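Q: The sequence shown maps to residues 1 to 137 in full-length UniProt numbering.
Every residue gets a Cβ at the ideal spot worked out from N, C-alpha and C, and that includes glycine.
Values in this document were obtained by computation on a predicted structure and should not be read as measured data.
Have a look at the structure that comes next, please.
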Amino acid sequence: MADCVFCSIVAGDTPAELVLEEDDFVAFLDARPVFKGHALLVPREHVVTLPDLPAGLRDGFLAAAQRLATAAVEGLGAQGSFVAMNNVVSQSVPHLHCHVVPRTKGDGLRGFFWPRTKYGDGEAAEYAERLRAALAT
């Protein structure tokens with residue numbers, strides 16, 4: 001879809017720190033992460049919401065989310081992760097995306113108030129590399 005930023009990332013037209021590239025899915029670091037290492041998993045095909053996801057992609061989408069959640073722990077040293085999707089309401093980009101946010105006890109995240117942070121120079125590339133390395137194992 002021409003005006004979809006996530007489709008543009010998938011196509012390679014908009015730069016992003018990619019952490020996972022599969023036939024049907026791509027994951028990249030959120031540009032405004034809740035915590036550093038916060039990744040977004042998207043289907044390559046433009047799909048707006050979870051109910052729109054074709055049946056043939058459901059298992060692969062969840063499997064990729066599982067791998068990202070594991071990579072957050074193994075690659076970033078998180079104690080766990082927060083995994084979430086919005087459908088229409090609070091969906092900032094109308095392209096299905098699953099948030100995988102690394103978590104540690106006492107990190108300050110409460111409820112659904114998501115404070116955002118920023119990466120320093122070169123820091124996003126470092127976090128992306130750590131996730132890619134964990135996904136490769």
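Tell me the start and end of each unbroken alpha helix (DSSP H) in the UniProt domain "HIT" (5–110) that is at least 4 residues and wholly inside, in chain order.
A: Listed in chain order, the complete alpha helix (DSSP H) runs (minimum 4 residues) inside the UniProt domain "HIT" (5–110) are 5–11, 55–76.
Q: Is the Cβ-Cβ distance between residue 5 and residue 26 less than 8 Å?
A: Taking 8 Å as the Cβ cut-off, residue 5 and residue 26 do not qualify as a contacting pair.
Q: Should residue 10 be counted as a contact of the ligand SAM given a C-beta to heavy atom distance under 7 Å?
A: This structure lacks the ligand SAM, and indeed carries no ligand of any kind.
Q: Please return the same chain residues whose Cβ sits closer than 6 Å to the Cβ of residue 97, not counting the five positions on each side in sequence.
A: So the list reads 40, 42, once near-sequence residues are dropped.
Q: Going by CA-CA distance only, name the one from 24, 90, 79 that's closest to residue 62.
A: Measuring from the Cα of residue 62, the nearest candidate turns out to be 24.
Q: Roughly how many angstroms separate the alpha carbons of residue 56 and residue 108, rounded to a whole number?
A: In a straight line, the C-alpha of residue 56 is about 37 Å away from that of residue 108.
Q: Can you grab the Cα-Cα spacing for the pair residue 122 / residue 72, in whole Å?
A: One C-alpha to the other measures close to 19 Å.
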